[in-house]
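Take a look at the structure below.
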Amino acid sequence: MVPLPSLLPIFVIRLHASSLILPLLDSLLLSSIRLGLSLTSTVESILEARSGINGEISEIAEIEAASTGEAARLRDALRRAPPGAVRQPHHPFERITQT
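Numbering (mature numbering (1 follows the signal peptide of the UniProt record, and there is no 0)) for the sequence shown: -17 to -1, 1 to 82.
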């Protein structure tokens, strides 16, 4: 299972896309109609914007799936590794401090 903090940015982006942007596009359509602008060009603009948003959401879903797959691969590697090999502490700056 992917830790919740790593999924938080994806959740926030999805939340913004679904609850903020799409209703704004709908209100833009209504405002445009009230102003007497061309309905066709307004609808085309909104559909284009929604298509872009849906593309971004699809891209986010791909990233989420890739990170889930990576997490599964790492869990599998941990299960296969000998007990002492994985649990050793990691000290990335040890060499710098010893010299």
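Virtual Cβ for every residue (Gly too), placed ideally from N, Cα, C.
Cβ separation of residue i and residue j, assumed to be a contact under 8 angstroms, to the nearest whole Å
i	j	result
Ala8	Ile29	Looking at the sequence provided, one finds Leu at residue 8 rather than Ala. About 5 angstroms separates the two Cβ atoms, so the contact holds.
Spatial neighbours of residue i in its chain, beta-carbon cut-off 6 angstroms, leaving aside the 5 residues before and after
i	result
Glu45	none
Arg63	none
Leu57	none
Gly35	none
Asp59	none
Reference residue i, options the options, closest by Cα
i	options	result
Ala32	Asp59, Pro6 and Pro65	Pro6
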